[in-house]
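Accompanying notes for the structure given below.
Residue numbers (the working numbering): 16 to 71.
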């Protein structure tokens, strides 16, 4: 493998880990919090929809 291939593979693995272990749990927690606040208190978060649009 060339150095570029190794670097590309490392960068790809790093970005995958950020997505799997960072973005997905954050989205799950945000959606859960949004549902709980909306149904229990009838008061959703103001910024959560904008943040979910940025993630998705």
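Glycine included, every Cβ here is placed at the ideal spot set by N, Cα and C.
Pull up the CB-CB distance for residue 59 and residue 49, whole angstroms please, since I reckon it's below 8 Å. As a working mapping, residue 59 is identified with position 44 in the chain shown. As a working mapping, residue 49 is identified with position 34 in the chain shown. About 6 Å; that satisfies the 8 Å criterion.
With a floor of 4 residues, list each alpha helix (DSSP H) that falls wholly inside the region 34 to 68, ordered by position along the chain. 39 to 56
Output yes or no for whether 8 Å exceeds the beta carbon distance between residue 45 and residue 27. As a position in the chain shown, residue 45 is number 30, starting the count at 1. As a position in the chain shown, residue 27 is number 12, starting the count at 1. No.
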